Each structure stands twice: as structure tokens, then as C-alpha cells.
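Residue numbers (the UniProt record's numbering), protein chains in the order written: chain A, 1 to 224; chain B, 1 to 224.
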DNA sequence: CGGAGTGTCGTACCTGGGTATGAGGCCCGG
DNA sequence: CCGGGCCTCATACCCAGGTACGACACTCCG
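Here you go:
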């Protein structure tokens with residue numbers, strides 16, 4: 001089963017080079033080319049490639065917009081190729097946009113030829129691959145965004161007792177004092193007492209600010 | 001400038017294999033080995049390698065804990081090696097933990113030898129590299145978490161007028177009605193009117209739930 | 001022109017939530 | 001065994017916030 005590839009890049013030389021490189025592989029067929037995003041979509045819709053090599057910067061319709069169109073096609077279009085983005089220099093706004101859109105990879109054009117070839121295979125197999133510098137950024141971003149508890153507010157969270165933390169979490173879920181009391185089998189006044197202490201310890205004014213704190217500290221997270 | 005590497009793995013065979021493989025490279029020196037995390041840290045502290053190859057599963061102290069220790073050392077320890085995690089099979093809880101901890105890469109042991117070698121070089125250069133399957137997960141996670149506005153709640157957000165959205169955002173910043181009125185140069189009652197409409201449209205009970213909605217919909221984001 | 005949508009504000013009412021104060025019981029560590 | 005957290009609850013007070021109803025101005029559009 002050969003891998004069907006199309007190449008979308010505004011520079012004819014680049015297309016020719018990549019095409020030659022990839023065609024030389026026995027398991028890869030270059031089945032189309034296009035000089036801009038719009039035509040790239042056309043070619044993709046007619047040739048149904050497994051992988052689309054897509055340059056980022058192009059006239060008419062840039063690679064990002066084209067990638068979005070291919071990865072989130074209008075109703076009726078069933079074909080969904082993998083998209084491997086290419087760029088000459090690693091401006092990273094593009095990277096994030098492309099990954100958001102669902103691209104399977106992001107390579108720099110100065111990568112070794114062997115890398116490009118293996119990237120095509122990896123992407124065709126449903127996996128993903130990024131240029132090392134991009135990987136580093138993505139990890140950094142991940143680590144920055146993710147570290148379970150953030151440090152600034154979350155340290156102060158240590159001042160809370162287990163019960164208080166529990167109450168805070170329920171506040172952050174939108175429950176009223178009554179509901180919290182019911183949930184924890186407590187008198188409503190007890191809940192109020194806990195909340196009072198939480199607000200005092202964290203220097204907050206009301207439950208709305210408590211909710212904010214819960215999100216900012218990582219006690220609760222969007223989508224969870 | 002050669003790259004100084006140590007290998008931490010509980011299987012002597014694996015250590016020997018990797019050591020042989022890497023030592024054969026003119027730009028890589030294997031300067032130490034260790035059979036578990038605790039000793040790995042010891043060796044790292046004495047040999048000061050550029051890169052630590054670290055197995056995930058190990059007796060005594062697992063690779064994750066050891067990685068954390070190396071990447072976020074106690075006061076006084078200045079040396080901070082790059083950590084490249086290795087695993088036999090790609091259980092991904094480990095992956096996320098390792099990346100959170102600040103690891104520079106994550107490879108499967110069944111990767112081609114050439115990949116391991118180039119990975120060491122990439123990591124030593126300050127970049128990062130992941131196994132393709134890991135990359136895919138990370139991207140998927142990124143795309144899932146990031147898409148600017150989420151769709152479910154954010155669509156309902158479309159029902160809000162600009163002014164209402166503005167007010168909602170200020171609520172989500174923790175402002176009181178008075179403060180919002182001051183900020184927007186309005187009567188407090190006007191603010192109340194807007195809030196009332198927001199709550200009604202979004203089917204929320206109070207401003208605390210409004211804050212939750214703001215975070216869940218992506219109107220505001222933690223850390224922003 | 002007339003109506004719909006938006007933004008603005010007033011008056012009036014009610015209650016949930018936050019504050020203050022005090023107090024009893026439990027458990028742990030010094 | 002005693003002091004100190006922690007958890008629990010009561011009584012009492014007050015007000016920010018939420019609700020209800022009505023009103024006026026402006027803009028856009030059929």
C-alpha cells in the first residue's frame with residue numbers, strides 16, 4: 001500500500017525537489033501538486049491523497065487556511081487527508097494555529113531529507129511528528145499550562161484545611177450554600193463558617209472571587 | 001565539544017547496549033551508568049552529564065521521581081542536565097508526568113538506533129524530541145484544550161449582546177456590581193439589569209455560576 | 001413610519017450570602 | 001492532661017445582589 005502525497009507550495013523549485021525526493025521512495029507516490037492553498041484544496045479533493053505537504057506562506061490562500069479547510073471540511077466532503085505543515089523559518093504563531101487546526105506535523109524546510117521522508121511515513125501511519133524546536137515549545141507550553149497546581153495561589157491553598165478545600169471546590173462547581181450543606185450533610189451555618197474562613201484566608205470578598213481562585217489555582221480546571 | 005551522557009536503567013543489558021551504541025559516536029561520551037533512580041541522581045551529581053537517559057520503570061526510585069529531582073533540584077545544586085525519558089511500551093500517564101516535570105524528550109526503546117543517537121544530540125542542543133505516538137497525543141491534547149472558544153457553551157455565548165459579554169467578563173474578574181458600574185461608567189442598576197439578562201440567557205443562578213461559565217466557555221482563561 | 005433590539009436608568013422588594021460572636025466536641029501532640 | 005487545631009452549630013445582623021416592572025432614547029431595518 002503506497003502512500004499518496006500531494007505537495008502544495010508556491011515555489012516550483014521546492015515542489016520539484018520534494019517530489020523527486022519522495023518519488024524515489026518505493027512506498028511513496030506523489031500524485032499531485034499545487035502552487036497555492038486554494039488550488040491545493042482542489043487537487044486534494046480530486047486526488048484524495050493520504051498526506052498533504054503544505055507550505056505555510058503562500059499567495060491566494062495561505063497554508064493555515066487551507067489546512068483548516070481540509071481538516072474540517074464542509075458537509076458532504078468525506079475525505080480527510082493528514083496535513084504536514086512546512087515552513088522555511090519557525091515563526092511559531094503559525095505552529096500553534098496549525099496544530100489547533102489538527103495538522104499532524106510541522107517541519108522546517110532545512111530538515112535533513114531523510115527526516116522529511118520518515119515524517120511522511122509517520123504521518124501516514126496516523127502518528128505525528130514535529131521539528132525539535134517546535135517540540136520544545138509545545139512541551140514548554142504544556143508544562144507551563146499544566147503543572148497540576150500552580151505555585152503562587154496554590155501555595156496559599158495549603159493554608160486551607162481539608163474541609164475548607166472541599167467546600168471551596170463545591171463553590172467552584174456552582175453550588176449554593178444549601179446545596180453544599182445537603183451534599184456534605186451539614187447545617188447551612190456550618191457551611192457559612194467554612195466559607196467565611198476560606199474567604200478570610202485567601203483574602204477574597206465573595207464566592208465569585210472564590211470560584212476565580214479555584215480556577216486560577218488549578219483546584220478545578222475548565223473542561224473537567 | 002562532546003556530549004556527556006549517563007544511562008539510568010535497571011537492566012544491565014540495556015545499559016550496555018545503549019552505551020556501546022552511543023560511545024561509537026565521536027561526539028558522544030557515556031560518562032556514567034546507574035541501575036536505579038536514586039543512584040542515577042548520585043551519578044548525575046558527580047559526573048555532571050549534559051544528558052541523562054532515564055528509564056521510566058525502575059526499582060528503588062522510578063524514573064519519574066528521579067527526573068523531577070534532577071530537573072527541580074534542591075537549593076544549592078546548580079547542575080541541571082537534560083533528561084531524555086525511555087520506556088518499553090508507551091503508557092502515557094508517564095509521558096505527561098515526565099513532560100510536566102520538564103523532561104526534554106520521550107522515546108520508545110524500540111525506536112531505530114539512529115533515532116536514539118539523534119535524539120541525544122537534539123536534546124543536548126536544548127531542543128526536544130518525542131516518539132511519534134507521543135507527539136500525536138500531545139498535539140491532540142493541545143488542540144482539544146486550546147481551541148480558542150469551546151463550542152458548547154461558547155455558542156450560547158453568542159446569544160449575549162456585546163455589553164452583556166463585557167459585563168460577564170468583569171464578573172469573571174471578580175468585580176462587584178459597584179465596581180463594574182464605575183469601570184463602565186454606568187448606574188449600578190444598569191449593571192444589575194445586564195447581569196439579570198446574562199443569567200437568564202445562560203440559565204445561571206448567580207454570579208458565581210457566571211464565573212464558572214466564563215471559564216468553561218473560554219471567555220476568560222486561567223493564567224491570563 | 002413603526003417595530004424590534006439594545007442600552008440606559010428608576011423604584012421597590014426579598015433573600016442568599018457574608019459577618020460577628022460564642023460555644024461544644026473531637027483528636028492529636030507536647 | 002492540657003492546649004490547640006479542626007469541625008460543628010446557633011443566634012443575630014446587614015447588605016450586596018438578584019428579581020420584577022416600567023420607562024425613555026437610539027439605531028437599524030422592513
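Cβ coordinates follow ideal geometry from the N, Cα and C atoms, glycine included.
Remember, predicted model here, so these are calculated numbers, not experimental data.
1. In this structure, does DSSP put residue 47 of chain B in helix, strand or coil?
2. Contact defined as beta carbons within less than 8 Å: I believe residue 86 of chain A pairs with residue 55 of chain A. What is the distance between those atoms, to the nearest angstrom?
3. Taking only the alpha-carbon atoms, compute the straight-line gap between residue 133 of chain B and residue 89 of chain B and give it to the nearest angstrom.
4. Bridge partners of residue 195 of chain A, per DSSP?
5. Give, in chain order, every unbroken run of the alpha helix (DSSP H) that is at least 4 residues long and sits entirely within the UniProt domain "Response regulatory" (4-124) of chain A.
6. Three or more beta-carbon pairs under 8 Å between the segment 3-16 of chain A and the segment 29-37 of chain A, yes or no?
7. For chain A, check one thing: does any of its Cβ atoms lie closer than 8 Å to the Cβ of residue 132 of chain B?
8. To the nearest angstrom, report how far apart residue 235 of chain A and residue 105 of chain A are at their CA atoms.
9. Measuring only the C-alpha atoms, how far is residue 179 of chain A from residue 223 of chain A?
10. For residue 100 of chain A, decide whether its Cβ has a neighbour in chain B, counting only Cβ atoms nearer than 8 Å.
11. For the UniProt domain "Response regulatory" (4-124) of chain B, list every residue whose C-beta sits within 7 Å of some C-beta in chain A, in sequence order.
12. Can you round the beta-carbon distance between residue 131 of chain A and residue 99 of chain A to whole angstroms, since I take them to be within the 8 Å contact cut?
13. Let's test the definition: count the other Cβ atoms within 10 Å of the Cβ of residue 140 of chain B and tell me whether it reaches 16, buried, or not, exposed.
14. Name the two residues that bound the continuous alpha helix (DSSP H) containing residue 217 of chain A.
15. Pick helix, strand or coil for residue 202 of chain B, following the three-state DSSP scheme.
16. Should the segment 163-175 of chain B be called in touch with the segment 205-214 of chain A, which here means at least 3 C-beta pairs below 8 Å?
17. Return yes when the Cβ of residue 192 of chain A is within less than 8 Å of the Cβ of residue 177 of chain A, no when it is not.
18. Cα separation between residue 187 of chain A and residue 207 of chain B?
19. Tell me, to the nearest whole angstrom, how far the beta carbon of residue 25 of chain B is from that of residue 117 of chain B; I am working on the premise that it is less than 8 Å.
20. Mind listing the chain B neighbours of residue 171 of chain A? Cutoff is C-beta to C-beta under 9 Å, in chain order.
21. Distance check for residue 124 of chain A and residue 17 of chain A, CA to CA, integer angstroms please.
22. Kindly list the residues whose CB is nearer than 7 Å to the CB of residue 49 of chain A, restricted to its own chain and excluding five residues on each side of it in sequence; keep chain order.
23. Look up residue 130 of chain B in the DSSP assignment and give the residues it is bridged to.
24. Starting from the C-beta of residue 148 of chain A, find all residues in its chain whose C-beta is less than 7 Å away, skip the five residues before and the five after it, and write them out in chain order.
25. Check whether the Cβ of residue 22 of chain B sits closer than 7 Å to any heavy atom of the ligand ZN, and report yes or no.
26. Please name the residue, chosen from B/43, B/113, B/44, B/164, that lies closest to residue 195 of chain B on a Cα-to-Cα basis.
27. Alpha carbon to alpha carbon, how far is residue 167 of chain B from residue 215 of chain A?
28. Give me the residue from A/71, A/19, A/69, A/79 with the minimum Cα distance to residue 47 of chain A.
29. Give every residue of the same chain whose Cβ lies closer than 6 Å to the Cβ of residue 23 of chain B, excluding the five residues on either side of it in the sequence, and list them in chain order.
30. Is residue 151 of chain B helix, strand or coil when you go by DSSP?
31. Quick one: what's got a C-beta closer than 8 Å to residue 42 of chain B's C-beta in the same chain, skipping five residues either side?
32. Does the beta-carbon distance from residue 60 of chain B to residue 38 of chain B come in below 8 Å?
33. Which residues in chain A have a C-beta closer than 8 Å to the C-beta of residue 136 of chain B? List them in chain order.
34. Is there a Cβ from chain A that is less than 8 Å from the Cβ of residue 149 of chain B?
Considering the structure as presented:
1. Along the second chain, one-based indexing puts residue 47 of chain B at 47. Look at residue 47 of chain B here: in three-state DSSP terms it is helix.
2. For the purposes of this step, residue 86 of chain A is taken as the residue at position 86 of the first chain. For the purposes of this step, residue 55 of chain A is taken as the residue at position 55 of the first chain. Indeed they touch by this definition, with Cβ atoms about 5 Å apart.
3. In the second chain, the residue the question calls residue 133 of chain B occupies position 133. In the second chain, the residue the question calls residue 89 of chain B occupies position 89. Residue 133 of chain B and residue 89 of chain B have their alpha carbons spaced roughly 11 Å apart.
4. By one-based count along the first chain, residue 195 of chain A stands at place 195. For residue 195 of chain A, which the question treats as bridged, DSSP gives no partner whatsoever.
5. As far as the UniProt domain "Response regulatory" (4-124) of chain A is concerned, its whole alpha helix (DSSP H) runs of at least 4 residues are 12-23, 37-47, 63-71, 92-101, 113-124.
6. yes
7. The sequence position of residue 132 of chain B within the second chain is 132, counting from 1. It does; some Cβ of chain A falls within 8 Å.
8. Chain A is shown from 1 up to 224; residue 235 of chain A falls before or after that span and cannot be answered.
9. On the first chain, position 179 is the one that residue 179 of chain A refers to. On the first chain, position 223 is the one that residue 223 of chain A refers to. Residue 179 of chain A and residue 223 of chain A: Cα-Cα distance of roughly 22 Å.
10. In the first chain, counting from the first residue as 1, residue 100 of chain A sits at position 100. Yes, contact with chain B.
11. Going along the UniProt domain "Response regulatory" (4-124) of chain B in chain order, one finds 99, 100, 102, 122 with a Cβ nearer than 7 Å to chain A.
12. Looking up residue 131 of chain A in the first chain gives position 131. Looking up residue 99 of chain A in the first chain gives position 99. 12 Å between Cβ atoms; not a contact.
13. The residue given as residue 140 of chain B occupies position 140 in the second chain. Counting Cβ neighbours within 10 Å, residue 140 of chain B comes out exposed, since fewer than 16 surround it.
14. Residue mapping note: residue 217 of chain A aligns to position 217 of the first chain, counting from 1. Per DSSP, residue 217 of chain A belongs to the alpha helix (DSSP H) from 207-217.
15. Here residue 202 of chain B is taken as the residue at index 202 of the second chain, counted from 1. In the structure shown, residue 202 of chain B sits in a helix (DSSP, three-state: H, G or I).
16. yes
17. The residue you call residue 177 of chain A lines up with position 177 of the first chain. The residue you call residue 192 of chain A lines up with position 192 of the first chain. Yes, Cβ-Cβ distance for residue 177 of chain A and residue 192 of chain A is below 8 Å.
18. Here the question's residue 187 of chain A lines up with position 187 in the first chain. Here the question's residue 207 of chain B lines up with position 207 in the second chain. For residue 187 of chain A and residue 207 of chain B, the gap between their C-alpha atoms comes out near 23 Å.
19. Taking the first residue of the second chain as position 1, residue 25 of chain B is located at position 25. Taking the first residue of the second chain as position 1, residue 117 of chain B is located at position 117. About 6 Å; that satisfies the 8 Å criterion.
20. What you label residue 171 of chain A is simply residue 171 of the first chain in a count that begins at 1. Result: 208.
21. As a position in the first chain, residue 17 of chain A is number 17, starting the count at 1. As a position in the first chain, residue 124 of chain A is number 124, starting the count at 1. About 20 Å.
22. Residue mapping note: residue 49 of chain A aligns to position 49 of the first chain, counting from 1. Excluding residues up to 5 positions away in sequence, 4, 5, 6, 31, 32, 81 lie with their Cβ nearer than 7 Å to the Cβ of residue 49 of chain A in the same chain.
23. What you label residue 130 of chain B is simply residue 130 of the second chain in a count that begins at 1. Per DSSP, B/106.
24. Here residue 148 of chain A corresponds to residue number 148 of the first chain, with the count starting at 1. Any reading at residue 148 of chain A is ruled out, since the residue's pLDDT is 47, under 50, leaving its predicted position unreliable.
25. With respect to the ligand ZN, the structure offers nothing, as it holds no ligand at all.
26. In the second chain, the residue the question calls residue 195 of chain B occupies position 195. Looking at the Cα atoms, B/164 is the closest of the given residues.
27. What you label residue 167 of chain B is simply residue 167 of the second chain in a count that begins at 1. What you label residue 215 of chain A is simply residue 215 of the first chain in a count that begins at 1. So the alpha carbons of these two residues sit roughly 19 Å apart.
28. Indexing the first chain from 1 puts residue 47 of chain A at position 47. The shortest C-alpha to C-alpha distance from residue 47 of chain A to any of A/71, A/19, A/69, A/79 is the one to A/79.
29. Position 23 of the second chain, counting from 1, holds the residue named residue 23 of chain B. Closer than 6 Å at Cβ, skipping near neighbours: 30.
30. Locating residue 151 of chain B in the second chain gives position 151, counting from the first residue. Because the pLDDT at residue 151 of chain B is just 41, under 50, the model does not fix this residue reliably, and the value given afterwards should be weighed accordingly. Here residue 151 of chain B carries a coil assignment [DSSP, helix/strand/coil].
31. Mapped onto the second chain, residue 42 of chain B falls at position 42. Contacts found: 34.
32. By 1-based counting over the second chain, the position of residue 60 of chain B is 60. By 1-based counting over the second chain, the position of residue 38 of chain B is 38. Yes; because the gap between Cβ atoms is below 8 Å, this pair is in contact.
33. Translated into positions along the second chain, residue 136 of chain B becomes position 136. The CB of residue 136 of chain B comes closer than 8 Å to the CB of 104, 126, 127, 128 in chain A, given here in chain order.
34. Start at 1 with the first residue of the second chain, and residue 149 of chain B comes out as number 149. For residue 149 of chain B, the predicted structure reports a pLDDT of 42, less than 50, and the residue's modelled location is therefore unreliable. A value from the coordinates is still provided. With 8 Å as the cut-off, residue 149 of chain B does not count as an interface residue toward chain A.
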